[in-house]
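Asker:
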Amino acid sequence: MRRDRAAFAFGVLAVAFAALALWTVYGVVDRKLVGILVPAAMVVAGVGVLLLSRRHN
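Residue 118 is where the sequence shown starts when you use our numbering, and the numbers rise one by one after that.
1) So, do the stretch 120-130 and the stretch 143-153 have three or more beta carbon pairs nearer to each other than 8 Å?
2) Where does arginine 148 fall in DSSP's three states?
3) By how many angstroms is the C-alpha of valine 160 removed from the C-alpha of valine 166?
4) Nearest to glycine 128 by CA position, among Arg171, Ala158, Val151, is which residue?
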């Protein structure tokens, strides 16, 4: 099975932004917390892409 790394990264970031949008609608957004969570989500997506790009022998 071939995995599409770009689709994975886009999907993770889309889910993160959708969660942030729901959070802004239904709750109070702490900008400091968002400033920590958004880069952390991008790092997690990057690590996931790196793990998916490894060649399995």
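Backbone N, C-alpha and C fix where the C-beta goes; we use that ideal spot for every residue, glycine too.
Answerer: Judging by the given coordinates:
1) no
2) Residue mapping note: residue 148 aligns to position 31 of the sequence shown, counting from 1. Residue state, collapsed to three classes: helix.
3) Taking the sequence shown and counting its residues from 1, the one referred to as residue 166 is at position 49. Taking the sequence shown and counting its residues from 1, the one referred to as residue 160 is at position 43. Going by the C-alpha atoms only, they are around 10 Å apart.
4) Locating residue 128 in the sequence shown gives position 11, where the first residue counts as 1. Measuring from the Cα of glycine 128, the nearest candidate turns out to be Ala158.
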